[in-house]
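One structure below.
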Amino acid sequence: MVQENGDRHSITPTVRTMMWSLPPTGHPMNVLQMAVASMATFYPEAKAATPDSDVTQVALTHILSTTATLVSMWENVRNGYDPVPPDPSMGYAQNFLHMLCGKEPSDDIVKLFDACLILHAEHTINASTFSAMVTASTLTNPFAAMSAAVGTLAGPLHGGANEDVLNMLDEIGEAKNARGYIENRLKNKQVIWGMGHREYSVKDPRATILQKMIEEYVNKTGVTLSKRFETALEVERVCEELLSAKGVYPNVDFYSGILYAEILHLPTDQFTPIFAVARSAGWLAHWSEQVRHNRIFRPTQIYTGVDFRKYPSK
């Protein structure tokens with residue numbers, strides 16, 4: 193659908209002007225959330241009550257098409273550069289990298305990035321997807337649901353773990369230090385970033401694919417990576433020895449940051465926005481499904497607060 197509507201990668205001048213008015217220190221996730229929410233003003237007829245209408249379908253296509261444009265536009269704007277315009281002749285992953293980095297990527301890089309986007313496009317009802325579903329259940333427009341999901345993903349307990357993995361690997365320094373580092377963190381009941389998943393008691397299959405992609409790219413191109421990858425392999429080995437009995441293995445974040453930083457050379461604080469670009473397909477699919485078979489979310493609550501108190505007379 194996005195490929196058939198390449199012109200919808202374009203952003204209105206109003207949104208571009210709004211981005212130029214923001215402080216360059218603004219986090220990309222905050223900017224993305226704001227920009228997505230503002231797009232609803234251009235599609236007032238895109239309503240949950242009419243999910244199959246032409247205008248709503250166009251709005252969904254526009255969100256999918258322009259999320260990558262918004263992320264790459266802010267990367268240019270905050271660095272004082274004119275945004276690279278989208279090229280409708282390019283595929284989605286190729287166009288995204290072209291706009292984000294200012295140059296046309298190689299076929300191998302495009303293939304890697306496209307696979308990353310696919311791996312992150314959907315993964316059942318996680319926190320951000322649930323946020324989108326709850327918002328959708330009020331029958332609001334898709335932009336509001338998307339904005340809510342972006343805001344939820346911005347939290348460090350959901351998105352951003354791949355950044356923490358890189359920081360952890362840099363702190364370890366090299367593979368020989370991995371065991372002592374891991375044992376110390378476990379002793380102090382600290383998180384081992386990129387390890388463990390609520391839904392898996394085995395290695396996250398997405399992590400397996402990402403690791404294989406890194407290894408295949410290195411073998412094919414001969415590119416030299418920093419010590420991070422070697423250190424990551426040793427961290428995984430040590431964690432398997434110490435934590436496999438508890439079902440703790442690498443998740444998708446463990447290797448994605450290495451691929452983004454070492455091979456794609458993407459800015460670290462853009463990792464989570466890139467996650468959002470990929471996951472927008474899943475979020476909007478859930479929005480569409482929710483509004484078609486809707487029942488508003490209304491959890492019950494058990495009160496555990498103080499007992500009845502006398503209201504003060506004065």
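Be aware that the sequence shown starts at 193, since it is given in my numbering, and climbs by one per residue.
Yeah, the Cβ is synthetic: ideal placement off N, Cα and C, and Gly gets one too.
Could you check what DSSP says for residue i in three-state terms: helix, strand or coil?
i, result
"HIS478", "helix"
"MET282", "coil"
"PRO334", "helix"
"HIS389", "strand"
"SER442", "According to the sequence as given, residue 442 is Pro; it is not Ser. Residue state, collapsed to three classes: strand."
"GLN462", "helix"
"HIS290", "helix"
"ALA367", "helix"
"GLY352", "coil"
"LYS379", "helix"
"LYS506", "coil"
"TYR495", "coil"
"SER436", "helix"
"ARG487", "coil"
"ILE384", "coil"
"ILE317", "coil"
"HIS254", "helix"
"ALA240", "coil"
"LYS295", "coil"
"SER202", "coil"
"THR209", "helix"
"LEU417", "coil"
"GLY218", "coil"
"SER264", "helix"
"LEU456", "coil"
"GLN195", "Its pLDDT being 44, under 50, GLN195 is placed unreliably in this model, and the coordinates cannot settle the point."
"SER472", "helix"
"VAL302", "helix"
"GLY347", "coil"
"VAL342", "helix"
"ARG429", "helix"
"PHE500", "coil"
"ASP274", "coil"
"ILE223", "Note that residue 223 is Val in the sequence shown, not Ile. It is helical."
"VAL326", "helix"
Measure the alpha-carbon distance for residue i versus residue j and round it to whole angstroms.
i, j, result
"HIS478", "ILE203", "24 Å"
"ALA353", "TRP385", "7 Å"
"MET291", "LEU262", "10 Å"
"LEU505", "ASP499", "As written in the sequence, residue 505 is Ser, which differs from the Leu given in the question. The alpha-carbon atoms of SER505 and ASP499 are separated by roughly 18 Å."
"ASP356", "GLY388", "14 Å"
"PRO334", "PHE234", "12 Å"
"HIS457", "VAL440", "29 Å"
"GLU196", "GLU375", "With a pLDDT of only 45 at GLU196, under 50, the local geometry of the prediction cannot be trusted, and the value read off the model is given with reservation. Taking the straight line joining both Cα atoms gives about 52 Å."
"SER298", "GLU391", "35 Å"
"ARG490", "GLN249", "28 Å"
"GLY538", "ILE317", "Lying before the first or after the last residue shown, residue 538 is absent from the chain, which here runs from 193 to 506."
"ASN359", "GLY365", "10 Å"
"TYR284", "THR496", "50 Å"
"TYR447", "LEU304", "13 Å"
"THR206", "GLU267", "18 Å"
"GLY474", "GLY347", "18 Å"
"SER393", "LYS438", "8 Å"
"VAL194", "PRO397", "Here VAL194 scores only 42 on pLDDT, less than 50, and its place in the model is too uncertain to base an answer on."
"GLN482", "LEU361", "40 Å"
"LYS239", "HIS219", "29 Å"
Check for me: the alpha helix (DSSP H) holding residue i runs from which residue to which?
i, result
"ASN411", "397-413"
Would you mind stating whether residue i and residue j have Cβ atoms separated by less than 8 Å?
i, j, result
"SER472", "MET338", "yes"
"THR464", "MET226", "no"
"LEU417", "VAL410", "yes"
"LEU349", "SER320", "no"
"ALA241", "ALA336", "no"
"ILE455", "THR330", "no"
"ARG399", "PRO459", "Arg is not the amino acid found at residue 399; the sequence shown has Ala there. It is not a contact, given that the beta carbons lie outside the stated cut-off."
"TYR287", "ASP279", "Sequence check: residue 287 is Asn here, not Tyr. The answer is yes: Cβ separation under 8 Å."
Inset, instruction - Report yes or no: do the segment 306-324 and the segment 441-457 share at least 3 C-beta pairs separated by less than 8 Å? - result: Per the Cβ contact rule, the segment 306-324 is in contact with the segment 441-457 (3 or more Cβ pairs under 8 Å).
Legend entry - At least three beta-carbon pairs within less than 8 Å, the segment 254-272 to the segment 463-470: Touching, per the Cβ criterion.
Inset, instruction - Report yes or no: do three or more beta-carbon pairs, one from the segment 401-416 and one from the segment 371-386, lie closer than 8 Å? - result: Output reads no: the segment 371-386 does not touch the segment 401-416.
Legend entry - At least 3 beta-carbon pairs within less than 8 Å: the segment 271-287 vs the segment 420-437: Taking one beta carbon from each stretch, the segment 271-287 and the segment 420-437 have fewer than 3 pairs nearer than 8 Å; the two do not touch.
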